[in-house]
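Each remark here refers to the structure printed beneath this line.
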Amino acid sequence: MDPPSPTPSSSSPSSAAAPPTPPDALPASYPMQSSVSNSSSTSPATLLSATPSSKSVADVQANGNGTSIIRRKITSLVGFSNLPAQHHRRSVRKGFDFNVMVVGESGLGKSTLVSTLFNMPLAPPRAAPYSSASAPKTVSIQSISSEIEEKGVKLRLTVVDTPGFGDLINNDDAWRPIVSNVEQRFDSFLEGENTYNRSKVTDSRIHACIYFIAPTGHSLKALDVEVMKKLHHRVNLIPVIAKSDIMSDEEITAFKARIRADLEHHKINIFETPRYELDSDKSMEEKTSIMSKIPFAIVGASSEITTPDGRIVRGRKYPWGIVEVDNEDHCDFVKLRAMLVQNFMEELKEYTDEVLYENYRAQKLIAMGVSQDQSVFKEISPSSKMEEERALQNARLQKMEAEMKMVFQQKVAEKEQKLKRSEDELFARHREMKQQLEKERRELESKLAQAELERHAMPEEKNTKKKFSLRS
Ligand SMILES: Nc1nc2c(ncn2[C@@H]2O[C@H](COP(=O)(O)OP(=O)(O)OP(=O)(O)O)[C@@H](O)[C@H]2O)c(=O)[nH]1
Ligand SMILES: [Mg+2]
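Read in order, the letters of the sequence shown are residues 21 to 492 in our numbering.
Written out as structure tokens, the structure reads:
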């Protein structure tokens with residue numbers, strides 16, 4: 021969903037955008053999207069024809085990454101179109117937390133800008149910058165929290181100020197207390213996440229850091245470069261040119277170009293408004309317009325003055341005229357407010373949570389010897405998930421097939437062995453029987469021979485007997 025567009029006003033100081041109004045009634049139809057992988061064997065068309073409701077109207081679009089998007093308009097009520105309203109209700113009940121840090125040399129208008137941004141005095145301005153004699157030894161960190169309310173929406177705002185920054189005699193280590201404060205906040209959130217009741221963890225992490233650049237008109241100072249280099253991995257950096265009302269438009273344009281070149285040269289990351297696939301042209305235009313103004317040339321003034329044409333504005337009065345804070349032709353305050361408060365506060369918090377804090381957490385855990393399983397964090401797309409499942413299924417089938425083959429081969433080998441054994445036994449029996457038969461045959465033959473012999477001997481005996489009997 022596009023963020024609500026800012027409503028800059030040159031006349032009204034309180035031009036903050038109204039919170040989104042919850043939809044009173046559910047719309048009759050609401051476009052729905054679902055992703056279908058092309059790699060799936062089921063084609064989107066098949067899926068569509070399988071849709072039970074004849075009331076849904078659908079069309080299929082293929083996008084660049086090989087995924088088809090099915091758009092369906094549901095004409096009957098499902099109810100999820102009311103989710104933004106539910107979200108709105110919950111947000112209003114719970115309120116919001118926002119922690120912003122301001123870093124910059126003394127007297128550049130940090131306190132004034134915060135008061136101008138949130139339309140309330142935050143801390144009294146310091147009487148005068150430090151003299152070299154009274155210069156502090158370290159940068160101190162001051163945190164001021166307040167709960168503010170606008171049209172029923174509560175914001176628990178914490179401003180972390182860094183007085184003393186740039187005032188030291190030796191500013192070499194000026195970044196240390198600032199970075200360590202940011203990291204301590206990450207640490208306490210990490211500790212809170214590991215406690216039993218995580219719902220009670222307060223988010224004290226810095227969501228945005230406004231870095232004030234002195235309006236010198238030259239280029240970034242070595243101190244600015246060093247501090248921003250140390251900070252950009254830990255916070256969403258938003259560089260601003262302080263007190264830009266003391267520079268002419270031409271000077272500001274040239275100074276901005278030089279700062280942008282310096283940031284690029286030193287590879288310093290600054291917060292960029294995120295771009296989404298479904299951004300409308302208007303929203304894209306707004307984002308481009310905001311980004312084109314970085315570093316924002318700002319003017320801070322919390323007091324109201326009357327213009328010659330009778331308007332009451334927040335601004336600064338000079339003999340040559342009035343600089344209006346909320347006038348986009350005079351300074352970039354409106355654009356800064358759009359980025360920080362009106363349109364991208366949630367994105368600043370999201371980036372802090374999902375990228376800056378996650379990186380810090382991972383580094384911390386790795387330093388503690390806990391290795392990270394990257395596969396846990398990989399993006400899960402339906403097509404790759406299906407591909408993964410298919411590969412797993414294939415592997416399972418292959419394993420099953422190999423196991424079955426092994427069992428089959430084992431069984432065949434066993435059978436073969438058994439057959440071989442019975443064949444050997446048969447052979448042995450056959451041999452034995454043959455030998456037996458041979459033996460019997462031989463016995464019979466010898467018996468036969470014996471009988472033959474006996475038979476041949478017999479008639480002589482008979483004849484002799486006969487002879488005897490005849491004589492007697
Ligand atoms: N010309 C001009 N003066 C400003 C602007 N913003 C603030 N001032 C003045 O600059 C002086 C210092 O402002 P602060 O807001 O106290 O500055 P700071 O950066 O908070 O200073 P420290 O707290 O000392 O670090 C005040 O007199 C402001 O009125 C601006 O945009 N333009
Ligand atoms: Mg201050």
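Backbone N, C-alpha and C fix where the C-beta goes; we use that ideal spot for every residue, glycine too.
The C-beta distance from I290 to L257 rounds to 5 angstroms, short enough to fall under 8 angstroms. In this structure the segment 117 to 136 touches the segment 231 to 249; the number of beta carbon pairs closer than 8 angstroms is three or more.
Residue pairing by DSSP places P259 opposite Y231 in a beta bridge. By DSSP's assignment, F316 forms a beta bridge with V260. Proximity of the segment 259 to 266 to the segment 311 to 328 meets the contact definition, three or more beta-carbon pairs being nearer than 8 angstroms. Looking at the DSSP output, V333 sits in a beta bridge with I325. Around the CB of Q470, fewer than 16 other CB atoms lie within 10 Å, so the residue is classed as exposed.
In the DSSP assignment, G341 falls within the beta strand (DSSP E) that extends over 341 to 344. Assignment of beta-bridge partners to T178 by DSSP yields N119, S165.
Its chain contains S224, R225, I226 as the residues whose beta carbon lies nearer than 7 angstroms to that of R205, once the 5 sequence neighbours on both sides are disregarded; these appear in chain order.
For a cut-off of 8 angstroms, the C-beta gap from V199 to L251 is around 6 angstroms, short enough to register as a contact. When Cβ pairs closer than 8 angstroms are counted between the two stretches, the segment 371 to 388 is seen not to touch the segment 329 to 342, the count staying below three. The straight-line gap separating the alpha-carbon atoms of R331 and N139 is approximately 18 angstroms. Contact annotation: V354 and N347 have beta-carbon atoms nearer than 9 angstroms.
Taking 9 angstroms as the cut-off, the beta carbon of M267 is found no closer than this to the beta carbon of E292.
Here the alpha carbon of S101 sits roughly 13 angstroms from the alpha carbon of H108. For V199, DSSP assigns no beta-bridge partner whatsoever.
In the DSSP secondary-structure assignment, V173 is bridged to E170. If you ignore the 5 residues before and after S208, its C-beta comes within less than 7 angstroms of the C-beta of S224, all in its own chain and listed in chain order. By the Cβ rule, the segment 298 to 308 does not count as touching the segment 266 to 283, because fewer than three pairs are nearer than 8 angstroms.
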